[in-house]
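For reference, the structure discussed in these notes is given below.
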Amino acid sequence: MSDNGTPTLELSGVNKSFGAIHVLHDIDLAVYPGQVTALVGDNGAGKSTLIKCIAGIHPIDSGEIRFNGKPVNIHGPRDAADLGIEIVYQDLALADNLDIAQNMFLGRERKKGVVLDEASMEQAARETLAKLSVRTVKSVRQQVASLSGGQRQTVAIAKAVLWESKVVILDEPTAALGVAQTRQVLDLVHRLAETGHGVVLISHNMNDVFEVADRITCLYLGRVAADVKRSDVTHSQVVELITTGRSGDLGLAPSTAAESI
Amino acid sequence: MTAPSRSSKSQRTETEDAGPDGVAARAGSPGAGLTRRLGSAQEVWIGLVLVALLVVFSLLEPDSFATSFNLLNLVADAAILLLLAVGMTYVIITSGIDLSVGGLLVFSGVTATKVMEATGATSTGSLLLGVVVAMLTGLVWGVLNGALVAYGRIPPLIVTLGTLGMSLGGALLLTGGVDMRAPGRLNLGLGLDKFVGVPVIVWISVAVTLVLGVILAQCRFGRHTYAIGSNSKAARNSGVLVNKHLVKVYALAGLLAGLAGYLSLAKYGVTGVSAHSTDNLQAIAAVVIGGTSLFGGAGTVTGTVIGVFIPAVLQNGFQILGVKPFWQQVVVGAVLIAAVYLDQWRRKARDN
Ligand SMILES: Nc1ncnc2c1ncn2[C@@H]1O[C@H](COP(=O)(O)OP(=O)(O)OP(=O)(O)O)[C@@H](O)[C@H]1O
Ligand SMILES: [Mg+2]
């Protein structure tokens with residue numbers, strides 16, 4: 001499956017250290033249009049750090065990021081957004097005091113003359129929610145503070161889709177959700193892929209991963225332990241990869257896995 | 001680090017899951033947008049308090065309180081504080097604070113007076129140069145405040161406490177501790193000029209307040225100000241240039257303090273080097289009484305206007321009634337506490 005066309009987003013040999021701590025080692029990652037890539041790994045494996053590198057929040061120390069085959073430099077959230085990379089962060093990045101429409105357009109407000117064009121932004125926010133078949137949100141003028149966890153996640157995802165985004169990255173979108181709300185978010189992830197987005201889903205929940213992912217990339221202590229088709233692995237193999245970095249002939253060479261510790 | 005945040009998130013989700021319909025019904029009513037644009041509940045309440053005060057004083061002293069002469073005086077006195085308070089509104093909405101405004105006002109007044117004296121102090125050009133110098137001086141101090149807060153990561157309370165001391169002390173150094181007189185032409189001109197019966201100083205203050213009120217409520221600059229105070233990380237991730245914006249907000253407060261310094265020269269005729277050490281508290285009180293949250297992310301210029309006038313009306317009314325002026329301080333203090341209590345209570349109601 002990975003051989004189908006060029007990946008929209010491709011990382012190769014990415015390294016990142018915070019001071020003396022080497023958090024990411026030679027990371028390769030590919031995101032294809034219309035596919036969901038699950039990024040899995042134990043707490044502290046480096047998943048959030050990796051996507052923050054893609055977002056331009058952390059500069060990378062070495063390695064290359066290519067977008068549609070061309071090498072790019074991403075220096076901040078704006079650069080990422082300009083390319084069409086949208087990220088929904090683990091610590092939901094919404095402003096509580098603003099309403100849904102205001103949050104969806106934050107940083108990219110539409111203007112009519114010098115003042116904000118509230119009507120057109122409200123309209124576009126409503127249309128985006130409708131396109132994603134979101135029915136849990138009643139009014140886009142509702143303050144985000146008053147939303148449930150699932151509704152907030154929905155808004156954050158809708159915000160990412162509002163922009164002609166090509167790649168949507170979701171950091172643990174279901175971590176805090178109940179059964180029904182998890183269902184809604186997973187449906188939303190499906191719909192993102194159906195509408196041609198390349199999706200990266202970070203999750204600790206194997207059921208979620210196996211339900212929506214086309215590929216699974218497993219990080220172990222900052223290294224890619226495996227990058228496989230979902231259909232080629234089992235639950236328990238993935239769990240083993242996450243916890244030990246190896247599973248049968250998959251995973252890091254024993255020496256590398258040991259050295260990482 | 002992730003574990004505790006995750007567990008608190010799931011707690012919140014559980015309680016909120018209990019009533020998604022209730023949530024939608026509460027905030028999704030068609031009128032919600034309208035009332036929010038007109039002003040929050042606190043503004044309405046505090047506006048009613050102001051109206052009640054005006055009515056009571058008018059009934060008690062119809063011949064001296066409710067005269068256009070007295071009311072114009074009252075407004076003229078409040079006009080300069082209003083400028084400081086509008087700047088403070090922006091700063092507090094970013095969840096910051098600016099203690100330096102009184103110092104910047106004095107310092108700007110002193111530099112403007114020096115420049116006007118040096119340039120003859122009689123020509124229109126010299127007086128215009130004065131206003132430019134005053135505003136530039138305020139702006140430079142404001143940029144310093146903003147840069148130290150945004151890039152230096154020093155808490156705004158400390159930064160602006162520091163620049164308050166520096167600017168007040170600096171003004172005393174520049175003047176040798178002796179108040180300087182403003183140019184006569186400024187004091188007798190702009191200080192007394194009226195347009196349709198209303199002091200020009202009031203018109204200036206009203207115009208500035210209107211423009212900044214619209215910018216806060218309707219323009220991108222205002223939207224980003226709210227976003228930063230509400231969740232600066234979210235704003236940054238959404239592409240808002242948070243640090244630059246913070247510098248601009250503190251610069252705005254400084255610029256307004258500079259303008260206030262010039263108007264205060266015109267109105268009072270002196271630099272008032274030792275008369276402005278509690279301006280910051282008055283401005284903060286006005287902003288907070290007007291419903292702006294000290295936690296940031298919420299507040300309006302309309303509220304601030306009301307918040308400026310409540311203490312002003314109290315002071316004026318008490319004076320006319322012959323109540324000891326000290327009572328005004330007591331009452332304003334109580335109103336301030338009540339306003340913050342209301343804010344906390346509202347936040348609690350919202351978060352549950
Ligand atoms: N700003 C930072 N400075 C120093 N170390 C950091 C920083 N951010 C992350 N780290 C370290 O990098 C490692 C990877 O963290 P990261 O948050 O990427 O893990 P994660 O895979 O997202 O984990 P989780 O599943 O718990 O979210 C951790 O050891 C963490 O302590
Ligand atoms: Mg993480």
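Each protein sequence line maps, in turn, to chains A and B. Per the UniProt record's numbering, the very first residue in the first sequence carries number 1; after that it's consecutive. Per the UniProt record's numbering, the very first residue in the second sequence carries number 1; after that it's consecutive. Don't be surprised by glycine CBs; every beta carbon is placed ideally from N, CA and C. Quick caveat, the model's predicted, so the values are computed rather than measured.
Boundaries of the beta strand (DSSP E) harbouring F67 of chain A: 62 to 67, taken from the DSSP string. When distances are taken from the beta-carbon of I21 of chain A to the heavy atoms of ligand 1, the shortest one is below 7 angstroms.
Under DSSP, K194 of chain B takes part in a beta bridge, and its partners are B:P199. Setting aside the 5 residues that flank it on each side, L72 of chain B is surrounded in the same chain by G197, V198, P199, V202, each with a C-beta closer than 8 angstroms to its C-beta; the list follows chain order.
Interface with chain A (8 angstroms Cβ-Cβ cutoff): V211 of chain B is excluded. The beta carbons of G296 of chain B and I92 of chain B sit about 7 angstroms from each other, so the pair counts as a contact at 8 angstroms.
Pairwise C-beta distances place the stretch 29 to 36 of chain A in contact with the stretch 191 to 202 of chain A, as three or more of them are shorter than 8 angstroms. Note on geometry: alpha-carbon atoms of M135 of chain B and T175 of chain B lie some 19 angstroms from one another. For R152 of chain A, the enclosing alpha helix (DSSP H) begins and ends at 149 to 162. The beta carbons of S203 of chain A and A38 of chain A sit closer together than 8 angstroms.
A check of alpha carbon separations from L259 of chain B across B:A79, B:V323, B:I306 identifies B:A79 as the nearest.
Of all C-beta pairs linking the stretch 105 to 118 of chain B to the stretch 313 to 321 of chain B, fewer than three are shorter than 8 angstroms, placing the two stretches out of contact. Residue environment analysis places R153 of chain B among the exposed positions, since fewer than 16 neighbouring C-beta atoms fall within 10 angstroms of its C-beta. Judged by DSSP secondary structure, H245 of chain B falls within the alpha helix (DSSP H) whose first and last residues are 242 to 268. Here V200 of chain A is bridged, per DSSP, to A:T37, A:I169.
Taking a beta-carbon distance threshold of 8 angstroms, V114 of chain A counts as an interface residue toward chain B. In terms of Cβ geometry, L212 of chain B and V301 of chain B form a close pair [threshold 8 angstroms]. In chain order, M104 place their CB closer than 6 angstroms to the CB of K159 of chain A, counting only its own chain and leaving out the 5 sequence neighbours on each side. Counting other Cβ atoms within 10 Å of its Cβ, P156 of chain B reaches 16 or more and is therefore classed as buried. Pairwise C-beta distances place the stretch 262 to 275 of chain B in contact with the stretch 178 to 189 of chain B, as three or more of them are shorter than 8 angstroms. Bridge pairing for C218 of chain A: A:V40, A:A226 [DSSP]. Between the stretch 241 to 254 of chain A and the stretch 204 to 221 of chain A, the count of C-beta pairs closer than 8 angstroms reaches three or more; the two stretches touch.
Linking A349 of chain B to A339 of chain B through their CA atoms gives a straight-line distance of about 15 angstroms. Apart from sequence neighbours up to five positions away, the residues of its chain that approach E109 of chain A with a beta-carbon distance below 6 angstroms are L116, ordered along the chain. Under DSSP, H22 of chain A takes part in a beta bridge, and its partners are A:S17.
Counting every other CB atom within 10 Å of its CB across the protein chains shown gives T6 of chain A a total below 16, marking it as exposed. For S64 of chain B and I228 of chain B, the gap between their C-alpha atoms comes out near 46 angstroms.
Proximity of chain B to P77 of chain A at the Cβ level (cut-off 8 angstroms) is accounted for by R236, N237, S238, G239, in chain order.
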